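Have a look at the structure below, then the notes.
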Amino acid sequence: MKAVLTSLTLVLLALPTVAQEKPSVPFYGNAKCPLTGKAVNKRWSVQADGQRIYLCCRNCWKSAKAAPAKHLAKAYPKAKKISPDVCPIMGKPIKGKGQKVTWQGHQLTMCCKRCVGTFTKEPNKRLTLILNKDIKDVKNKICPVMPEEKIEPDLFFIYKKKLINICCDSCVTDAQDDPEKYLKKYSKK
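Going from the sequence shown to the working numbering is simple: count from 1 and add 69.
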């Protein structure tokens with residue numbers, strides 16, 4: 070009997086462990102600092118033409134802050150064209166050339182200026198949904214981590230192919246500790 074239990078224990082220990090899925094936040098920014106070529110630190114960024122340019126350090130941030138537009142082309146040298154047959158916002162066919170918008174290295178075509186406006190209010194969220202058709206926006210209005218707070222327009226995390234809106238960056242960290250708790254909390258609303 071003791072040999073059977075020992076064998077069973079060894080078999081169970083040998084089984085591979087399944088990695089738990091963690092909430093994630095997609096990053097569409099530049100990977101390399103346009104000034105030094107080093108890896109970026111998301112803490113340091115400037116904006117130019119509605120696009121965020123990420124930098125590696127405080128010194129580069131100071132330099133880029135003085136003339137951010139100068140560094141935009143180097144941060145995003147070639148825009149990836151995303152040209153669907155239908156508008157990614159309205160779902161209607163795009164007539165003619167449509168309306169183009171470029172954001173953080175992605176050039177998208179929309180059906181009208183109103184859809185461009187909708188996109189630019191929540192570009193991270195919209196781009197995530199456009200590039201990942203299998204992700205569903207749960208469209209929550211209240212943060213599942215801090216239910217007393219309303220969500221911020223472009224703050225969210227992805228968990229189990231669901232886009233869950235949140236109120237602040239620290240809620241992602243909290244959700245990583247026990248994502249099921251927050252998914253269930255949201256599901257009840």
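Beta carbons: idealized from backbone N, C-alpha and C, even for Gly.
None of the values given here were measured: they were computed from a predicted structure.
First through last residue of the alpha helix (DSSP H) which encompasses residue i
| i | result |
| --- | --- |
| residue 135 | 127-135 |
| residue 141 | 138-144 |
| residue 222 | Looking at the DSSP string, residue 222 is not in any alpha helix (DSSP H), and its letter there is neither H nor E. |
Residue i versus residue j - alpha carbon distance
| i | j | result |
| --- | --- | --- |
| residue 161 | residue 184 | 11 Å |
| residue 115 | residue 168 | 25 Å |
| residue 222 | residue 107 | 30 Å |
| residue 259 | residue 206 | A query on residue 259 cannot be resolved here, the shown segment of the chain reaching from 70 to 258 and no further. |
| residue 165 | residue 235 | 37 Å |
| residue 81 | residue 247 | Residue placement at residue 81 is flagged as unreliable, the pLDDT there being 39, under the threshold of 50; a coordinate-derived value is accordingly withheld. |
| residue 150 | residue 174 | 9 Å |
| residue 219 | residue 198 | 21 Å |
| residue 244 | residue 227 | 10 Å |
heavy atom of the ligand GTP below 7 Å from residue i C-beta
| i | result |
| --- | --- |
| residue 220 | This structure does not include the ligand GTP; it has no bound ligands of any sort. |
Cross-strand partners of residue i (DSSP beta bridge)
| i | result |
| --- | --- |
| residue 178 | 169 |
| residue 93 | 227 |
| residue 162 | 155 |
| residue 205 | 231 |
| residue 108 | 101 |
| residue 150 | 176 |
DSSP state of residue i mapped onto helix, strand, coil
| i | result |
| --- | --- |
| residue 239 | helix |
| residue 117 | strand |
| residue 251 | helix |
| residue 211 | strand |
| residue 122 | strand |
| residue 245 | helix |
| residue 192 | helix |
Any chance the stretch 207-218 sits against the stretch 127-139, with 3 or more Cβ pairs inside 8 Å?
Because the criterion of three Cβ pairs below 8 Å is not met, the stretch 207-218 and the stretch 127-139 do not touch.
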